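Asker: Chains as they are written, first to last, in the numbering used here: chain G, 16 to 415; chain Z, 2 to 115; chain A, 3 to 238; chain U, 5 to 825. Note that beta-carbon positions come from the ideal geometry of N, C-alpha and C, so glycine has one too. Treat the numbers as computed from the prediction; the structure is a model and nothing was measured. Take a look at the following structure, please.
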Amino acid sequence: MAELLISISIPDWLAHTIAALVQCGLLLAIALCSAAVGIWLERKVSARIQDRLGPTRVGGKFGWLQPPADGLKLICKEDIIPAAADHILFRIAPYVCFCATFCVFLALPFANGWVAVELNAGAFFLLAVAGLEIFGVILGGYASGSKWSLYGAMREAAQVVSYEIPLGLCVVVVVILTGTMNLVEIGNQQAGWFFNWHIFHDPFTFVVFWVYVTCAVASSNRAPFDLPEAESELVAGFLTEYSGFRWVFFFMGEYASMFVVSGLGALLFLGGWNGPIPIASLLGLTPDGGDVFGWIGNLLGMCNFIAKAFAGMTFMIWLRWTLPRLRIDQVITTCLKYCVPIVSAMLAGVMLWSFFLPGGLILHVRSRYVAQPPSAVQSRAESSITAEGGCATRNTMDIR
Amino acid sequence: MNIFTEPVGLSHFLVVGAVLFVCGIICMATKRNVLGVLMGIELVLNGANLNFVAFGSSVLRPPGTDGIGMDGQMIALFVIVLAAAEAAVALAIALSYYHAHATVDVDRGVELRG
Amino acid sequence: MDAINWHSCFFLLFAAIACGFAVAVVVVGDIVRMACCLVVSLAAVAGLFFLAEAEFLGAAQLMVYVGGTMVLLIFGVMLTARGPFVSMKTGGGQWVLAIVIGVALFAVLLQAATSTSAWNGPKANDQAAVPAANNSPLPQAGEGPGVRAVEGDSQDAAGQLGLGLLGVREDRLRRQDKPVLLGGMSGYLLVFEIISVHLVVVLVGAAYLARARRRGRNPESRSPLPDPRSPKPESP
Amino acid sequence: MDINSIIPLLLALAWLLPLGSFALILLFGPRMGRAGRYSAYLATGAIVVSCVLSFAALGFWLTEHFPHAVAHGAHGHESVAAVQPISGEWYTLAEFGRLRLTIGYYIDALTLAMFCMVTLVGSCIHVYSFGYMREELSDVTDPLAPLANGQPLRRPGRYCRFFQYFSLFCFSMLGLVIAGNVAMVFVFWELVGICSYLLIGFYHERRSASNAGNKAFIVNRVGDFGMIIGMMAIWSTLGTFSFGDYSIRNSDGKMQTRPGIFSQVRPARIEVCETDKQDASHRVIFTVENDHQLCVPDGMVQSSAQNEIRKIDEYYHMPNDDPRWAQLNVLVTTTMAVPDWRAQGYGYWLLVVAGLGIFCGCVGKSAQFPLHVWLPDAMEGPTPVSALIHAATMVAAGVYLVGRFFPVFTPEVLLVIAVVGCITLFLAATIAITATDIKRVLAYSTVSQLGFMMLALGLGGWLAGMLHLFTHACFKSLLFLCSGSVIHACGTNEMPEMGGLRRKMPITAITMLIGCLAIAGAGIPTLIGLSGFHSKDYIMAQGLLFGTANPGFGSIFFYVALIGAGMTSFYMFRMWYMTFAGSPRDEHVYGHAHESPLSMTGPLMVLAILAVVAAWNLPIYKLGLEPLLEQARPVGTAEGVAGGMLLPNVTMPAEHLAHEHSNAVKAEWSAFAVALLGFLLATAFYGLRKLDPADARRTFSPLYKLFLHKWWFDELYALLLIRPVLWISALVEAIDKRVIDWLADNSARSVAAIARLDDWIDRIFVDNTVNLLARWTYATGVSLRRIQTGNIRQYVMWLGAGLVGLFVLMSLYWNYAMAGG
């Protein structure tokens, strides 16, 4: 796009800036939309679960304009800062929270190659940045200068810090399987039919997926792990003192992070943008079929990916309105006594599995994206070739 | 020279590293809070890390010259890991210090004064 | 030619953030704010790592240090919980001393950093070698082979790091023309092992140091009563 | 595996077991049961197992070399072929040039027989000691060792120590027997000496006991001195200690067999040098069969012909001449010359000296004539000790060694041995007649029996001496144990206080009677008899034969031996009668006398049986001690020794001639007659009391006095040796006190003065310096402690400052050259 602008004789620094801004806008839009849709979903699903109708009037039949309306209302609200608060931190916190979530979108691929920044350490980066989000929460909780908030923040800290470990391990499992941390490659390696998805790669990954789900829910502190904002115990946890626009930021941050973790799950385990049936490749809508076709194929893939992500969000919402809240000690127990050991065992299992029958559960010869453990180097060589789909041949060599 | 157009080199990174390092030193020297001192240490380590990475990086070198290559990142990685370990121990020490002195003011811990 | 060098720009941005917040860490009195500033500074350093094409390292930096400083922060909150914002003032003289020393040190370091001319940056004609750090890390086609080699170095740094930890120096492999010498390349397997063991030991030690002690009758007591779970019970 | 490897193995085990028990008792003795009672079981177990092993080894030996009688000689007498001994080395202790100290073994039938005998008798005596040493289990009150206040001494028991010494002794004795070279023999020789010393002084609180111990030790030293001379003579001339041939790895690495002492002294073939038949100018060296006859080994010849060799050396080592040729010439000429020199008698003296030296040691150890004084006093030890060490084994070691070195002895030496033995046996017998202490009687009888053995050996009766050694071991240990049982019962050694004990202690009485009969040589002439009968007959026969072989002085030996035999039976029965027969003389002693427990009587019975059958042969196989020993007869000695260079007309006749019917019958009858005579006399005096010993004493009062005072030997030695020694030591003491002490005192005073001066300097100068330094250090520390504020932040500042300083210094003084770049 930058090139496009330059071609119409715009000074290139301007061009680059504009291009960057536009892309940021796109991402922001996606983030916000996901948040909005998430809120709407929440309301509707909860209503259905509680045998209500939920929002119906605003914006037609399904109240699909309810989220913007809420946003409007909240923006109009008065912004209150407690006297005992640490003003600066109190102000910063929501932005920190949202920015962290937003940064995650930078490395989140929506389709083959459709990613803001394709990082080799993408998965790792994702985890790292998602971790930053908690920072905002803690700051907010602390800066509010209220006991409830502090409690909430502390709980959040304990919970998230401990859930980082199994979450990271889950990702490591997939990384071991694919031999790369590049999310695009991970997605591509699952191309083809649904049994190429890593969740079906072998029994271990299947278990790991469910552990991932647990940890994801916990790390985006949703019920039943929503200790930080346990309205029945601490008034509203770290949100107690927040109102209006700042609160909105927290809120959107939460929903965006839901989207992110669901998307990550989809990427890692559910084949990313590859549908259960490889329609795109069956129809020949692949990059080597020509740019346009590739573009269309990617569009399909993107829809596919977003659908999966929202499915995951729906699952989380369903969970929230179904399960009671855990006690903090139960939360920690779940993490340290169950998730961590299980996922460690699964890690070992996956290693052995992919060492002894590298083909995956269905031992048929996959397309050229087969990951071939145990020689990490070679598999990396393979995947790096696949990553660029032949363009810009990379000189990798394997040790032998 | 116009920094916006000239490519940055090793020196720039080194300067940033130096700033971090010095800030860390000053932080250690001035903070009375144990945790403040710890943060100072973190800063110092980061300054050093930055230097390692810069030296290891291939973009900052004029081509042809051969830097320390992967070793830089490797050492930086180790530094990070050790920093984490150090943080753990230091915090534990801080905790027991707090238990012993009911404060985290390092100026209170003068049992070893000559 | 004066095309904007985005790499340099982002470098300036991150450098400014890093240095500024580092100074802020020194200046700010409140421990929690210090922590925030530290986090920002470190995040900026991570950004610098990205610029230096050490992505994995950057991510690691974010993860470890953010986690670490978060814990720091929590400790700060817990331990200085005498009233929300306790700050311990330092005497002016000390400040002066520290700053004098700091400045002297900085001067020396500056001199050292800028002393070597080769460090002042690649030659202008190699600019293409420096990939623009904004959203297109993939190399444009039509670059020199050396550049691609550089790319190859940087692109899968994570993999090379991993291999290096396992004792294989792939970057050296690439540079190594004589296959005879491939055997003798030093990896970091041993260091890796040592460090992992060291980590375990450290964590155990930390857990031991920080184990819950019952506070003595008088909180000022220099030596707290020993751990009640210790084998020989103290007189109550 | 063949016996050549298995027999040494078995014997080595049998040898080392007692050492093991010694070590264990030494370490854990007192902890073994109450008062260490189990140490006894340990020691006994060890020796019994060794006994079994020894007999096993004997069995192996017999399976290989069964002593078949072969006819030889014109007169159709049968005897057994000698067997090559098993010799070898286990371990080389050290090697100094030619001197090799090794732990080796030299095993022939004699060794095996000795092993069996020692371990068997040892086992019996161990068991016996259970009962005898019982009181050592608790605290002992020793009336014979009064304290200064007249109270008898009370001391803790030394039960386990006793058995510890016993084990050590068994080990040493067996080592002495199995030893494969003279050095090893000497070491264990001294070890048994030590054991004997320790055990004689077992009640070392008693003055008499400790004196006896010292006496035994010192007297033995005299003998050992001679022995060392002998050893040195052998080693310096023959270049080896080893008995048998031994093989060593020489410089070029291949094994090379070298002749031992015996095969050097009695080589199978020998070089003679004669003028060539063709032209008289040439001299040719022939090798002729020597049939292991005694001849002076080359080593001795050369070492005594030093002067001649030097002459040859000078003759050939002309200047401007290749030294290697010269050496070769010298070598050839010397070898050519050696036979001539030997013929001229070079080195014969050395051989004699060697033999005499070795014999000197034997004289000391087995209490022969000049040095016999220690044995009777050695009776101070507990009776089992007397039985084991001073009757059966250790004193016999001397005889054993003479038997071993028999091939080395020249006729002169043998004659000396015979004379010494002759004197000893007579002397001891006479003293034994008058002695009243039961143990002393036995001690003197031991001495006289040893004399018999020496006599036999000296007269060339190797088999006779050895056989007597074994039989004597059996019955003498039996007698001693009996006497021990008596003493145990009566609490006194004095025979005049005993009497009539046979009713109280029948077993002891009977067994002792058997012992007496055995030692007196009772039996039916020409048919069969107790063990002593056979062995003594051989000695007599040999003596008689010697008398016939050397008319004139020769027959003295026979007659003296005859008298000795008579006296033997006399004093033996005298002892028995005084002890067991008649009516009790001392009611008190008789009152608390009683039969000993089974642990003491059991061994008595075993030994009694031995004393009867020891010298018998198994009827069909002709298997017994005699043929066994015949196997071990040193090569070349079967035909006797004759024609010494100094006494050319003395011949030691071949032993098998002694068994010729006429000679043997004569000897047997005469021996039987004198034994019977002695028995009758004893019965008349002490059994039936027909004659009164008292007026016999009165009649022969001078003789009686002489005998009673043991021929005043102790007094003689006191006069000749001890007095002068005391006098000299007194003189030395005086010099010491007057001169040396004076010097020492004065030097000490001067030293003290110097020290005082030194002290002053020390205090004034040194101390002040040190204190000054210390003060400085302290001041510095005090001033420095201010820096040590314990304030972390200051430290950090120092750190930063130091960093800067370092940088500055480096930028000033550092350049790339230093970095090697």
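(1) Are the beta-carbon atoms belonging to Gly-547(U) and Phe-562(U) less than 7 Å from one another?
(2) Please specify which runs of the alpha helix (DSSP H), each continuous and at least 4 residues long, are wholly inside the region 209-265 of chain U, giving them in chain order.
(3) So, under 8 Å CB-CB, Gly-78(G) and Gly-86(G) are touching, yes? Tell me the CB distance rounded to an integer number of Å.
(4) Classify Ala-152(U): buried if its beta carbon has 16 or more other beta carbons within 10 angstroms, exposed otherwise.
(5) With C-beta atoms as the reference, is Ala-84(Z) less than 7 Å away from Leu-46(Z)?
(6) Over the uninterrupted beta strand (DSSP E) stretch that includes Gly-92(U), give me the two end residues.
(7) Candidates Val-770(U), His-130(U), Val-56(U): which alpha carbon is nearest Gly-606(U)'s?
(8) Confirm, please, whether the CB-CB distance from Leu-249(G) to Tyr-178(G) is below 7 Å.
(9) Is there at least one Cβ from chain A nearer than 7 Å to Leu-816(U)'s Cβ?
(10) With a 10 Å radius around its C-beta and 16 neighbouring C-beta atoms as the bar for buried, classify Cys-91(G) as buried or exposed.
(11) Quick check for students: name the residue ranges of the alpha helix (DSSP H) that lie wholly in the region 268-326 of chain G, counting only runs of 4 or more.
(12) Determine the burial state of Ala-748(U): buried for a count of at least 16 other Cβ atoms within 10 Å of its Cβ, exposed for fewer.
(13) Comparing alpha-carbon positions, which option in Leu-405(U), Phe-413(U), Gly-462(U), His-492(U) lies nearest Met-177(U)?
(14) Would you call the CB atoms of Ala-113(U) and Gln-453(U) closer than 7 Å?
(15) Using the Cα positions of Pro-147(U) and Ser-251(U), report the straight-line distance between them to the nearest angstrom.
(16) Whole angstroms are fine: how far does the CA of Ile-316(U) sit from the CA of Thr-337(U)?
(17) Applying a beta-carbon distance threshold of less than 8 Å, which residues of chain Z neighbour Arg-35(A)?
(18) Considering just the uninterrupted stretch of the alpha helix (DSSP H) at Gly-525(U), what are its terminal residues?
(19) Taking beta-carbon pairs under 8 Å, can you tell me which members of the region 9-39 of chain A lie near chain G?
(20) So for Glu-634(U), helix, strand or coil by DSSP?
(21) Which residues, taken in chain order from the region 41-53 of chain A, show a beta carbon closer than 7 Å to some beta carbon of chain G?
(22) Contact between the region 102-118 of chain G and the region 265-280 of chain G: three or more CB pairs below 8 Å?
(23) Roughly how far, in whole angstroms, is the beta-carbon of Lys-508(U) from the beta-carbon of Trp-378(U), given that I think they are within contact range, below 8 Å?
(24) Can you name the start and end residues of the beta strand (DSSP E) that Pro-147(U) belongs to?
(25) If the cut is a Cβ gap below 7 Å, which residues of chain G does Gly-70(A) touch?
(26) Counting only the same chain and skipping the five closest in sequence on each side, list residues whose C-beta sits under 8 Å from that of Leu-142(G).
(27) Check the Cβ-Cβ distances between Ala-49(Z) and every residue of chain A, and say whether any is below 7 Å.
(28) Counting pairs of beta carbons, one from the region 675-690 of chain U and one from the region 575-583 of chain U, are three or more of them closer than 8 Å?
(29) Assuming contact is defined by CB atoms lying nearer than 7 Å, are Gly-135(U) and Met-516(U) in contact in what I supplied?
(30) What residues in the region 189-202 of chain A bring their beta carbon closer than 9 Å to a beta carbon of chain G?
(31) Under three-state DSSP, which class holds Val-385(G)?
(32) For Asn-220(A), I'd like the list of residues in its chain whose CB is within less than 6 Å of its CB, leaving aside the five on either flank, ordered along the chain.
(33) Below 9 Å on C-beta distance, what does Val-73(A) contact in chain Z?
(34) Mind pulling the chain Z residues with CB within less than 8 Å of Arg-797(U)?
(35) I'd like to check one pair, Val-82(Z) with Arg-33(Z): are the Cβ atoms closer than 7 Å?
(36) Measuring alpha carbon to alpha carbon, tell me which residue in Pro-12(U), Glu-194(U), Gly-154(U), Glu-139(U) is nearest Trp-94(U).
Answerer: Taking the structure as given:
(1) yes
(2) 211-242
(3) Actually they do not touch by this definition, with Cβ atoms about 14 Å apart.
(4) exposed
(5) yes
(6) 90-100
(7) His-130(U)
(8) no
(9) no
(10) The residue is exposed, with fewer than 16 neighbouring Cβ atoms inside 10 Å.
(11) If we require 4 residues or more, the alpha helix (DSSP H) runs fully inside the region 268-326 of chain G come out as 294-297.
(12) exposed
(13) Just measuring C-alpha positions, the residue of Leu-405(U), Phe-413(U), Gly-462(U), His-492(U) sitting nearest Met-177(U) is Leu-405(U).
(14) no
(15) 58 Å
(16) 8 Å
(17) Per Cβ cutoff of 8 Å: no residues; Arg-35(A) is ~11 Å from chain Z at best.
(18) Element bounds for Gly-525(U): n/a, residue is neither H nor E.
(19) Asp-32, Val-34, Arg-35, Cys-38
(20) helix
(21) Val-41
(22) yes
(23) Incorrect: roughly 34 Å between the Cβ atoms, too far for contact.
(24) 144-150
(25) In chain order: nothing, as chain G lies at least about 10 Å away.
(26) By the criterion of a C-beta distance shorter than 8 Å, Leu-142(G) is surrounded in its chain by Glu-179, Leu-182, Gly-183, Val-186, once the five residues flanking it on both sides are discounted.
(27) no
(28) yes
(29) no
(30) none
(31) Note that Val-385(G) has pLDDT 44, beneath the 50 cutoff, so the model's placement of it is unreliable and the number below is only indicative. Here Val-385(G) sits in coil by DSSP.
(32) Any reading at Asn-220(A) must be qualified, since the residue scores a pLDDT of 47, below 50, and its modelled position is unreliable; the value itself is stated next. Hits under 6 Å: none found.
(33) Ala-88, Ala-89, Leu-92
(34) Met-29, Ala-30, Thr-31, Lys-32, Arg-33, Val-38, Val-107, Asp-108
(35) no
(36) Pro-12(U)
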